[in-house]
Structures are given as C-alpha cells and as structure tokens.
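Chains as they are written, first to last, in the working numbering: chain A, 103 to 437; chain B, 103 to 437. Right, one structure below, let's go through it.
2 protein chains.
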Amino acid sequence: MRVIVDAFGGDNAPQAPIAGAVEAVQKGLAEVILVGDEEKIRAVATEMAVSLDGVNIVHAPDVMEMEDEPRRILKDKKTSSMAVGLQLLAAGEGDAFVSAGSTGALIMGATFIVKRIKGISRPALAPLMPSDKGPFMLLDSGANADCRPEMLVQFGVMGSLYMENVLYKGEKPTVGLLNIGTEDTKGGELQQETFKLLKATDLNFIGNVEAREVPNGAAQVIVADGFSGNVLLKTMEGTASMLLGYVKTLFHTNFLTKIAGLIVKPHIAGLKKKMDTSEYGGAPLLGVNKPVIKAHGNANAKAIYNAVRVAAEFAQTGVVERFGEAVAASAIAEA
Amino acid sequence: MRVIVDAFGGDNAPQAPIAGAVEAVQKGLAEVILVGDEEKIRAVATEMAVSLDGVNIVHAPDVMEMEDEPRRILKDKKTSSMAVGLQLLAAGEGDAFVSAGSTGALIMGATFIVKRIKGISRPALAPLMPSDKGPFMLLDSGANADCRPEMLVQFGVMGSLYMENVLYKGEKPTVGLLNIGTEDTKGGELQQETFKLLKATDLNFIGNVEAREVPNGAAQVIVADGFSGNVLLKTMEGTASMLLGYVKTLFHTNFLTKIAGLIVKPHIAGLKKKMDTSEYGGAPLLGVNKPVIKAHGNANAKAIYNAVRVAAEFAQTGVVERFGEAVAASAIAEA
C-alpha cells in the first residue's frame with residue numbers, strides 16, 4: 103500500500119510526520135509519499151539525523167494553516183501540502199492519505215477533491231476511542247453539526263463495515279444510537295426517526311445507548327449527530343485529563359504519597375496508555391472515495407506512525423468501495 | 103422556609119428521604135413536610151429508630167413508580183406522593199419541593215401543577231456539577247431534547263440569576279454556550295443563532311465553550327440544548343466512574359501497590375468527594391413558579407439533606423420571582 107502523508111499538518115509538523123513516515127517505511131509497513139516543501143523536508147530530516155531512503159517526496163510549496171478558512175484549500179491554497187496530497191490520492195498516485203492538519207480543511211478538501219461516495223450524504227469523522235471493553239468507533243464526531251436521520255443511518259452502516267473489516271476481521275460489531283435514555287422512544291425528533299430506520303437495517307443494532315455507558319463499552323459503533331458526538335468525545339478527553347491531573351497532584355501531597363506514587367507509576371502509565379488514542383492512529387473520514395485519516399492535531403511521531411499503519415490496513419481491505427453499495431442496500435442512500 | 107419532601111421518590115425511598123428530612127429538621131435547616139403513605143412513613147421511622155418530632159406529614163396513598171408514564175401524574179396518579187407534594191407547593195402550603203423520583207414525571211408534574219413562569223417557554227433541569235474551579239450549573243441537562251434558540255437564552259438568564267443569588271451571593275457568573283469550537287460562528291443552526299442572541303443580553307457571556315474545557319471550569323453557567331447537555335453530564339459521570347474503577351484495580355495489582363493504596367486511600371476519598379454531586383443537593387428545575395429540586399435517583403440520606411438545604415436557600419432568595427421579569431427584559435420571552 104502507498105500512503106500519502108501530509109508533512110506540514112499538525113502542531114508538531116514537519117518533525118512528527120517525517121519521523122512517523124520514516125519509521126513506517128523502515129518497518130516495512132507501507133510505501134510512503136511525503137508531501138510538502140521538499141527543501142524543508144530534507145533540511146529537517148538532516149537536522150533530526152533520520153534517513154529519507156525509500157521515502158518518496160512530492161513537493162508542495164504551501165501550507166494550510168490551522169486558522170485558514172477551510173474553503174481556501176479549494177482556492178488559493180491548492181498548492182498546500184494537504185491539497186496536493188488529496189490531489190495525488192484522487193489521481194490514484196497513492197492508496198490512502200494521512201494528515202494531522204486542520205480538521206475543517208481536511209473535510210472540505212476530501213469532500214471536494216477525493217469526493218463523496220455516490221449515495222452518501224456527508225462524510226463523517228470516525229475516531230476510535232477507548233472503553234472498558236476495547237476500542238469503539240464514534241461517528242460522527244464533529245464533521246456535521248446538523249444531521250438528518252438518513253445521515254445517521256449511513257454513519258452506522260459505514261462504521262459497522264469498517265469495524266467488521268478493519269478491526270474485528272469478520273465479526274459484526276454492535277451498533278448503538280447515542281441517546282438520553284434507553285427506551286425506544288427516547289430523544290428528540292432526530293433520534294426517534296433514526297431509531298426506526300436503524301431498526302430496519304441488517305446492522306447488529308442494539309438500540310439506544312446513554313452517554314454514561316459509552317466508556318463502559320456499551321457498543322462497538324456509536325452513532326451520533328456531529329454535535330453531540332463531539333460533546334461526547336471532548337467530555338471524555340476533558341474529564342480524563344482533569345482526573346489524571348488530580349491523581350498526579352495527590353501523589354505529591356507528602357513524603358509517603360510520593361513513595362506510593364513511585365510504586366504505582368508504571369501502572370499509572372498503563373492507565374494513561376489505555377486512554378491514549380494515539381495508539382489507534384487517528385480518525386478515518388468515512389464517506390469519501392478513498393481512505394483518508396485525520397491524525398490528532400498534536401500527533402507525535404508515534405501517532406503518525408500508527409495513522410500510517412491504520413491507513414494501510416484500511417486501504418488493504420478495500421472496504422471503502424463497499425460503503426456506497428451497503429448504503430444503497432439499506433435504502434437510505436441520497437438520491 | 104417550609105420544604106416539602108417526596109418520601110416515596112428514588113431508589114432509596116422511603117428510608118433516605120425520611121432520614122434526610124429528619125436531619126434537616128434536627129439541624130434547624132428548614133421546616134419539613136414529608137409527603138407519602140403516613141402509616142408506612144411512621145413504621146419505617148420506627149424501624150430506623152429516628153424521631154419524627156417536628157416533621158409534618160401529609161398523607162398521600164399512591165406512588166409514581168420510575169417506569170410509570172410521566173403523564174400519569176396528572177391523571178390516575180394525582181394522589182401519588184409526588185403529585186400531592188406539587189399540589190401543596192402550588193397551593194402555597196410550602197416554599198419548595200424536593201423529590202428523587204422519576205425525572206420525567208417531576209418535569210411533567212411541575213410544569214402543569216406548579217406551572218411555567220409566564221414568558222418562559224420550557225423549564226430546564228439545571229444540575230450543579232464539579233469542575234476544577236468549583237461547581238458550575240449546566241442547563242438544560244435533559245428536560246428538552248429539542249430546543250429553539252430563545253429557549254437556550256432563557257436558560258442562560260435563569261442560570262445566571264440562580265448562581266448570582268443562590269451560590270455566589272452577588273457575583274455575576276460567567277455564561278458559556280456549549281459548542282464544538284470556540285470561534286463565534288461554530289456549531290449548528292441552533293448554536294449560531296443562540297450565540298447572537300446571548301451576545302445581545304447583559305449576561306456575562308464569554309462565548310462558545312468546548313466540552314473538553316467544561317471539566318476545567320470554563321464557565322460558571324453552561325448553556326446547552328437538553329440533548330447535548332445530557333450527553334455532557336452523563337459522559338462526565340461515565341468517564342469518572344470508569345477511571346476511578348481503573349485506579350481501584352491498579353492498587354490491587356500486587357503487595358506493594360496495596361501498600362501504596364493504603365497510603366493514598368484518604369486522598370482518593372477526597373477525590374471521590376470532589377466528583378460527588380450529592381454534595382450539591384440535586385438539580386433545580388428552573389422555569390416553574392416555585393423552587394423544585396430534583397435529587398438524584400440514587401440519592402442517599404445525605405443527598406436528600408443537601409437537597410433540602412439547597413431548596414431552602416433557593417426559596418429564601420426569592421429569585422424564582424425574578425426569572426420571568428429578567429427573561430422579559432432580555433426580549434426573548436415567549437409571547
């Protein structure tokens with residue numbers, strides 16, 4: 103598989119994308135095409151003392167900055183590393199694309215350069231997240247603030263196929279609808295209508311799931327509108343960060359607690375790792391014609407490496423080509 | 103102040119409401135009117151060896167069960183403890199009402215028995231929640247799954263007045279709009295329109311707040327539609343419970359970690375207390391004509407005691423009578 107990597111996306115660019123890409127090549131994970139200002143890439147690689155042997159570089163002089171209006175990727179920033187990467191993907195010069203750059207720009211660029219899959223209304227950002235029972239996929243997590251019921255069903259179909267093919271290799275995942283109660287009639291108009299539509303699909307739909315049960319692994323695919331999905335995602339991050347901060351402070355209370363801290367330190371590290379989504383390699387953007395992975399804005403080299411791994415696995419399965427068909431079969435395709 | 107307490111609401115009824123009410127009377131917090139089957143109340147009090155001296159009892163033969171359709175409180179369950187308590191409140195026989203019973207029934211009953219304040223579209227459930235910088239009020243947290251922009255502004259006005267008068271005694275709290283980004287134009291149609299309306303009020307509106315920052319105490323009043331507010335509330339609860347569970351397991355790994363656990367045990371208890379919303383005494387239902395407090399379904403005696411305390415403080419301020427006026431002044435009152 104040939105994975106295109108945006109060398110100038112994210113807070114730690116270009117160092118993290120370069121290091122992650124180089125490691126992926128060295129470990130034989132995938133062929134990698136690094137996109138960005140070639141001179142800078144080579145200079146930074148030299149500074150970091152990493153070898154670019156076996157790494158393809160495609161020059162792109164410009165950068166989509168975090169604060170740039172997303173639509174600029176289609177206009178005056180067509181030569182940015184993100185735009186050029188997406189153009190290469192659309193042209194078949196690579197099999198998947200990874201970027202840690204602006205989420206809005208990536209969604210805009212992927213939607214109009216790689217293009218939506220026929221029949222799918224809107225692509226969804228679909229991160230894998232930690233739970234007590236292993237990772238689950240949450241979609242949408244913020245690409246679409248306002249959703250219609252058929253969009254949510256499409257998210258469920260794509261998320262289910264992804265998990266079945268990329269993560270669980272053949273096992274049909276459980277699908278739950280994020281709601282404010284578990285009874286069938288709970289929620290607003292959107293959830294009530296979506297519930298009926300999901301019920302009529304051949305998904306392994308287990309019904310409504312309350313946010314309280316999501317960290318316990320209530321379902322392997324959680325379907326939500328992008329607004330409440332984003333609230334779920336960020337509340338988990340914020341609460342975990344607040345609590346881990348408290349725990350850290352707690353061990354600094356006095357001499358004895360410091361000793362206790364030394365004893366449990368390796369275990370706390372394990373706990374942090376459990377909550378660390380960089381292991382999962384970022385969020386696939388499901389609903390466009392080719393695999394596109396959004397790595398976290400603060401992705402380090404390891405996170406980029408994992409994103410390349412996930413991108414290659416995603417592309418390898420060819421599942422992206424089955425999304426449109428599956429959505430059409432559910433009779434919820436956009437006309 | 104005279105606080106009416108539903109003796110038969112919640113998982114731990116009637117023991118917890120009786121014990122909480124008795125403690126409130128003994129500590130001189132408020133006069134208490136316990137509502138429910140009088141014979142059972144007296145029998146349980148005897149069993150628990152608590153004295154009902156100074157506690158008023160109003161007999162109500164029936165109970166609103168958790169699984170009862172909420173509208174039954176207005177129909178065949180008019181003689182339930184919850185219905186009778188609300189009738190007493192509406193008739194001026196008490197100054198505030200506390201129940202740990204069904205949320206849906208309490209909202210339905212309060213809305214149609216105590217009645218909405220003139221000009222306010224819908225009452226909101228407004229729990230106080232823990233953050234790094236002290237408690238904040240979240241409204242709505244689930245009473246209204248589908249909201250219109252003017253409803254959210256009304257929530258902001260009521261939440262601000264409540265915090266200013268009941269909790270901070272004169273300090274105008276910061277008000278934030280729950281959103282999926284901090285820029286002024288973020289979110290769906292609901293948030294974009296609400297942002298403009300909030301901006302035009304005289305609230306201390308600090309703009310959009312991301313869910314990630316809420317546990318850090320981003321604002322003292324968080325305004326949200328009931329669906330995403332509920333997702334925020336329950337994700338905080340679920341994530342905290344998952345992490346505290348991990349931490350507990352971690353200390354049981356081996357002999358040394360058990361020692362470490364003994365050392366930090368009192369500090370972990372402090373951490374749990376920090377996250378324990380029973381300290382805050384339940385969620386006011388803002389937007390009806392009299393103070394109504396929803397205690398958590400699993401409220402213990404301490405939580406009921408705190409709910410009685412909060413109910414008395416809420417009633418004492420008389421702030422409930424200023425909600426309608428304040429909303430009218432914001433020009434977002436319902437016609």
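For glycine and all other residues, C-beta sits at the position ideal for the given N, C-alpha and C.
DSSP-derived helix/strand/coil call for Arg104(B): Strand, per DSSP.
Between which two residues does the alpha helix (DSSP H) holding Ala385(B) run? Unbroken run through Ala385(B) is the beta strand (DSSP E), Ala385 to Leu388; no alpha helix (DSSP H).
Does Asp242(A) pass the burial test, meaning 16 or more other C-beta atoms within 10 Å, or should it be called exposed? The residue in question, Asp242(A), is buried, as its Cβ has 16 or more Cβ neighbours within 10 Å.
Beta-ladder partner(s) of Asn306(B), from DSSP: Listed as beta-bridge partners of Asn306(B) by DSSP are Thr276(B).
Within chain B, the residues that Glu291(A) reaches when beta carbons sit closer than 7 Å: Those are Asp248, listed as they occur along chain B.
If we ignore side chains and look at the alpha-carbon of each, how far apart do Val268(A) and Glu312(A) end up? Straight-line Cα distance between these residues: approximately 26 Å.
Candidates Met260(A), Ile120(A) and Phe110(A), of which the one nearest Gly426(A) by Cα: Looking at the Cα atoms, Met260(A) is the closest of the given residues.
Just by C-beta distance, which residues in the region 302 to 323 of chain B are closer than 7 Å to chain A? From the region 302 to 323 of chain B, only Glu312, Ala313, Arg314, Glu315, Val316, Pro317 and Asn318 have a Cβ closer than 7 Å to chain A.
Can a CB atom of chain B be found closer than 8 Å to the CB of Ala123(A)? Taking Cβ atoms only, chain B never reaches closer than 8 Å to Ala123(A), which makes this a no.
Proximal chain B residues relative to Ile365(A), where beta-carbon distance stays under 8 Å: Result: Leu358, Thr359, Ile361 and Ala362.
Quick check on this structure: which residue in Ile135(A), Ile120(A), Thr284(A) and Gln418(A) has the alpha carbon closest to the alpha carbon of Glu149(A)? Checking every option, the nearest Cα to that of Glu149(A) belongs to Ile120(A).
Pull up the CB-CB distance for Val349(B) and Ile308(B), whole angstroms please, since I reckon it's below 8 Å. Incorrect: roughly 33 Å between the Cβ atoms, too far for contact.
Determine whether the Cβ of Lys179(A) lies closer than 8 Å to any Cβ atom of chain B. Chain B contact via Cβ: absent.
Rounded C-alpha distance that separates Met168(B) from Lys180(A): Met168(B) and Lys180(A): Cα-Cα distance of roughly 58 Å.
Under a Cβ-count criterion, where at least 16 other Cβ atoms within 10 Å of its own Cβ denotes burial, should Asn356(A) be classed as buried or exposed? Exposed: under 16 other Cβ atoms inside 10 Å.
To the nearest angstrom, how far is it from the Cα of Thr303(B) to the Cα of Lys274(B)? Straight-line Cα distance between these residues: approximately 13 Å.
Which residues in chain A sit within 8 Å of Ser330(B), going by Cβ to Cβ distance? Against chain A, a Cβ distance below 8 Å from Ser330(B) picks out Phe329, Ser330 and Val333.
Looking at Ile106(A): is its Cβ nearer than 8 Å to the Cβ of Leu191(A)? The answer is yes: Cβ separation under 8 Å.
Express the C-alpha separation of Gly290(B) and Met210(B) in angstroms, rounding to a whole number. Straight-line Cα distance between these residues: approximately 29 Å.
Any beta-carbon of chain B closer than 8 Å to the one on Asp234(A)? For Asp234(A), the answer is yes, since a Cβ of chain B falls inside 8 Å of its Cβ.
Span of the beta strand (DSSP E) around Ala198(B): Ala198(B): member of the beta strand (DSSP E) spanning Ala198 to Ser201, first to last residue.
Could you tell me whether the region 413 to 431 of chain A touches the region 384 to 395 of chain A, where touching means 3 or more Cβ pairs closer than 8 Å? Touching, yes.
Between Met168(A) and chain B, is the shortest Cβ-Cβ distance under 8 Å, so that the two count as touching? Chain B contact via Cβ: absent.
Would you say Val349(B) lies against chain A (beta-carbon separation less than 8 Å)? Among the residues facing chain A, Val349(B) is included, as its CB has a counterpart in that chain under 8 Å away.
Cβ atoms of Gly138(A) and Ala162(A): under 8 Å apart, would you say? Yes.
Contact criterion: CB-CB distance below 8 Å. Does Gly111(A) meet it with respect to chain B? At a cut-off of 8 Å between beta-carbon atoms, Gly111(A) makes no contact with chain B.
Please go through the same chain and pick out, in chain order, the residues whose beta-carbon is closer than 6 Å to the beta-carbon of Pro172(B), but skip the five residues on each side of it. In the same chain as Pro172(B), and ignoring 5 residues on each side of it, the C-beta atoms closer than 6 Å to its own belong to Gly206, Ala207 and Met210, in chain order.
Under 8 Å between the Cβ atoms of Ser201(B) and Gly258(B)? It is not a contact, given that the beta carbons lie outside the stated cut-off.
For the region 363 to 370 of chain A against the region 217 to 235 of chain A, are there 3 or more C-beta pairs whose distance is under 8 Å? Contact fails: fewer than three Cβ-Cβ distances are below 8 Å.
Verify whether the separation of the beta carbon atoms of Val429(A) and Tyr264(A) is less than 8 Å. Contact: no.
Where do the ends of the beta strand (DSSP E) carrying Met239(B) lie? Residue range Phe238 to Leu241 is occupied by the beta strand (DSSP E) that includes Met239(B).
Suppose the cutoff is 8 Å on Cβ atoms and the five residues either side in sequence are ignored; what does the same chain contact list for Asn376(A) look like? Checking the sequence, you will find Lys at residue 376(A) rather than Asn. Excluding residues within five positions, the ones whose Cβ falls inside 8 Å are Pro232.
Using the C-alpha atoms, what's the distance from Ala245(B) back to Ala115(B)? Approximately 23 Å, taken between the alpha carbons.
By Cβ distance, which residues of its chain are closer than 7 Å to Leu188(B), with the 5 residues on each side in sequence left out? So the qualifying residues of the chain are Phe199, Gly211, Ala212, Ile215 and Val216.
Where the beta strand (DSSP E) through Val325(B) begins and ends: Start and end: Val323 to Val325.
To the nearest angstrom, report how far apart Ile371(A) and Glu195(B) are at their CA atoms. Strictly speaking, residue 371(A) in this sequence is Ala, with Ile absent from that position. If I take the Cα positions, the gap works out to 57 Å.
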